[in-house]
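Residue numbers (full-length UniProt numbering): 1 to 142. The structure appears right after this line, and notes come after that.
Written out as structure tokens, the structure is:
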């Protein structure tokens with residue numbers, strides 16, 4: 001009895017090995033295959049799904065980059081708006097000073113013509129004193 005028992009053990013082990021070797025020949029696990037072989041073995045539907053997945057990943061990465069660029073652009077826009085607000089404040093200051101000069105001019109026109117020359121001189125220099133370039137100063141004089 002003991003001999004027959006060992007014989008069946010050996011035959012069972014032998015049959016298991018044969019089944020394992022025949023399974024390996026038909027189809028090996030996908031994780032053991034190189035990437036190119038596994039891509040070629042995929043069905044057309046699986047290949048297209050994989051391609052769509054890769055495209056969506058690429059699009060997702062591009063969207064991240066664009067979102068980052070959008071955030072930077074918004075920050076730049078906020079800075080520009082802040083600077084424009086400051087420029088608007090200096091423009092208001094210039095208008096106040098201009099009105100004061102006009103009032104003083106109205107009062108001083110009675111006293112003589114040299115006041116008018118001083119007013120024009122100040123009117124020409126004021127934008128440049130405020131840090132404007134020559135083109136901006138010419139725009140103010142219009």
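Beta carbons: idealized from backbone N, C-alpha and C, even for Gly.
Helix, strand or coil at residue 97 [DSSP, three-state]: Residue state, collapsed to three classes: helix.
CB contact flag (residue 42, residue 54, <8 Å): Taking 8 Å as the cut-off, the Cβ atoms of residue 42 and residue 54 do not count as close.
Nearest-angstrom Cα separation, counted from residue 83 out to residue 94: Residue 94 and residue 83: Cα-Cα distance of roughly 16 Å.
Under the three-state DSSP convention, the category residue 21 falls into: Helix at residue 21.
Spatial distance of residue 68 from residue 80 (CA atoms): Rounded to whole angstroms, the gap between the alpha carbons of residue 68 and residue 80 is 19 Å.
C-alpha distance - residue 99 paired with residue 92, whole-angstrom precision: Rounded to the nearest angstrom, the two C-alpha atoms are 11 Å apart.
As assigned by DSSP and simplified to three states, the class of residue 48: Three-state result, residue 48: helix.
Euclidean distance between Cα positions of residue 21 and residue 14: Whole-angstrom Cα-Cα distance: 11 Å.
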